[in-house]
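Data first, discussion second: the structure below is written as structure tokens.
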Amino acid sequence: MTIIQRIRLILLFAVVWALPALASDNNDIRLWSDGPLSWSDFQKLLPPTSSEASQLEVELSATPIENGTGTNSTIRLEARAIMHRNASATSTAQSTPKRLRYHQLQFDLLELLRRHLQEEINSGIDGATVDKRLKYYQDLYRQRVRQIAQETKNGTLEAAVESWEENIESQLSAAGMPQVPQVTTMQGCYGVYAGVGYDSPTGSLRDNFGGSFMFHVGLTGGYKRLRLKADVAFGQPSYRNDNIFNIAPDSEGRPLQGNNSSNATHIMASVQLGYTIVSHGRLSITPNVGGFYNRYGWDIANYSWDKDDEGHDVRIITSVEKRNLHNFSFIASIDFDINLNSGVTNTSVTGATHRERWTSSLRITPWLAHSKFDKCDPAVSGMHLGINISYLGLARLLRL
């Protein structure tokens, strides 16, 4: 199964799984801002033998919500007070107004802590600090809920419930409703890519060196639509010419040098500047041009000759030397980047504590480069035609 077929299969399973899950999640989540609780929000039924009258399942979260795609996307860092309907339970006998009032008090407390967390997020704290403050408020909520349960005897002491209601209501009024800041994606980006490819030489290059699979890794960065990338690749093509430097044979026409192995090492490096001409939906296309360094290396064996007892020539390897060819030339390529997924990180790739928008992509890059080696006799030249398939991870900083 090819990489593309695997990706399609994964996406198909994801869609099939996500559709019912999405409908379920939309029905499950209830925000405090949706209004007062009702018993219809408690969608799980407790068994008659349960020792609890009802259960309110809530969550305090700090959720990055993205709108739009690409460089035009915006992200809201939103603190949310959520009730999970599917996990909240009650029994028919205990579905009383007094019990519902008790759960509303708990939910109001969660909303108060949500507003405090949102205010701290709005102050510009970094992602790691957001996570620490979120945990603090989650722990504080559990402590306060236990305190309310003790002081109100699980909502049965009306005077104690009223006192807590007045206290929380006054704090909600004082806190107000903090706005959720819009976080934009900055124009600059940086990232890494790595993968495999194939290089096929042409011209007299092909007469001396075969095609080969190449492993490559690179760094990239950019601003707006401009892109700069630098990479290095390694392969082991076959070496087809025993005498690429045209070393003269001995007086009897016997070679004095030859290859010591059938393969050469091939190292390529390039620095390229590109401009994104298409950035639509999940696809971006970036042509690039730049400089290209190309190096072939192999071992040469030096020979001497003797005769055996029957008078036949016997070749003796007297020494092994390393030989190489290298040159600088041009390269051109086109990057087809297919966005697989994206999300917001709590820290940057560099370890800093600011959030980033991280995008994972499949990069397909056809390329061509020129090589000419004048040290050979005759000179060896030709084009390299190749294609690379890479994983690309690209990060964009976020700012309030």
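Numbering (our numbering), first residue to last: 206 to 605. Idealized CB from N, CA, C, for every residue including glycine.
Pairwise C-alpha distance: residue j and residue i
| i | j | result |
| --- | --- | --- |
| residue 406 | residue 414 | 7 Å |
| residue 402 | residue 470 | 15 Å |
| residue 503 | residue 462 | 13 Å |
| residue 346 | residue 479 | 52 Å |
| residue 496 | residue 526 | 30 Å |
| residue 232 | residue 328 | 32 Å |
| residue 476 | residue 576 | 16 Å |
| residue 324 | residue 488 | 37 Å |
| residue 511 | residue 518 | 6 Å |
| residue 289 | residue 423 | 45 Å |
| residue 287 | residue 260 | 14 Å |
| residue 404 | residue 458 | 35 Å |
| residue 408 | residue 588 | 7 Å |
| residue 308 | residue 382 | 21 Å |
| residue 569 | residue 338 | 42 Å |
| residue 491 | residue 241 | 52 Å |
| residue 435 | residue 534 | 15 Å |
| residue 595 | residue 269 | 28 Å |
| residue 394 | residue 384 | 28 Å |
| residue 582 | residue 544 | 48 Å |
| residue 540 | residue 579 | 31 Å |
| residue 258 | residue 310 | 16 Å |
| residue 484 | residue 494 | 19 Å |
| residue 417 | residue 513 | 40 Å |
| residue 400 | residue 532 | 24 Å |
Selection from the options that minimises the alpha carbon distance to residue i
| i | options | result |
| --- | --- | --- |
| residue 439 | 600, 468, 380, 433 | 468 |
| residue 466 | 578, 360, 528 | 528 |
| residue 573 | 290, 592, 472 | 592 |
| residue 375 | 505, 308, 316 | 316 |
| residue 564 | 599, 521, 584 | 599 |
| residue 244 | 306, 237, 394 | 306 |
| residue 341 | 265, 365, 586 | 265 |
| residue 530 | 547, 536, 499, 481 | 499 |
| residue 546 | 597, 372, 365, 378 | 597 |
| residue 285 | 318, 362, 571, 291 | 318 |
| residue 283 | 234, 453, 326 | 326 |
| residue 267 | 291, 251, 313, 321 | 321 |
| residue 256 | 359, 351, 452 | 359 |
| residue 302 | 501, 366, 481, 425 | 366 |
| residue 262 | 239, 253, 235, 252 | 235 |
Residue range of the unbroken beta strand (DSSP E) whose run includes residue i
| i | result |
| --- | --- |
| residue 462 | 462 to 464 |
| residue 569 | 561 to 578 |
| residue 510 | 488 to 512 |
| residue 199 | This structure gives no information on residue 199, because the portion of the chain shown stretches from 206 to 605. |
| residue 235 | 234 to 236 |
| residue 385 | Run containing residue 385: none; DSSP gives neither H nor E here. |
| residue 484 | 483 to 485 |
Residue range of the alpha helix (DSSP H) that includes residue i
| i | result |
| --- | --- |
| residue 325 | 302 to 327 |
| residue 408 | 408 to 413 |
| residue 379 | 363 to 380 |
Where residue i sits in the DSSP three-state scheme
| i | result |
| --- | --- |
| residue 451 | coil |
| residue 594 | strand |
| residue 333 | helix |
| residue 457 | coil |
| residue 537 | strand |
| residue 467 | coil |
| residue 437 | strand |
| residue 256 | coil |
| residue 357 | helix |
| residue 267 | strand |
| residue 613 | This structure cannot settle anything about residue 613, because the visible part of the chain is limited to 206 through 605. |
| residue 518 | strand |
| residue 261 | coil |
| residue 352 | helix |
| residue 582 | coil |
| residue 339 | helix |
| residue 478 | strand |
| residue 345 | helix |
Inspect the CB distances between the stretch 289 to 308 and the stretch 325 to 340 and report whether three or more fall short of 8 Å.
-> In this structure the stretch 289 to 308 does not touch the stretch 325 to 340; the number of beta carbon pairs closer than 8 Å is below three.
Per the contact definition of three or more C-beta pairs closer than 8 Å, is the stretch 447 to 454 in contact with the stretch 426 to 437?
-> no
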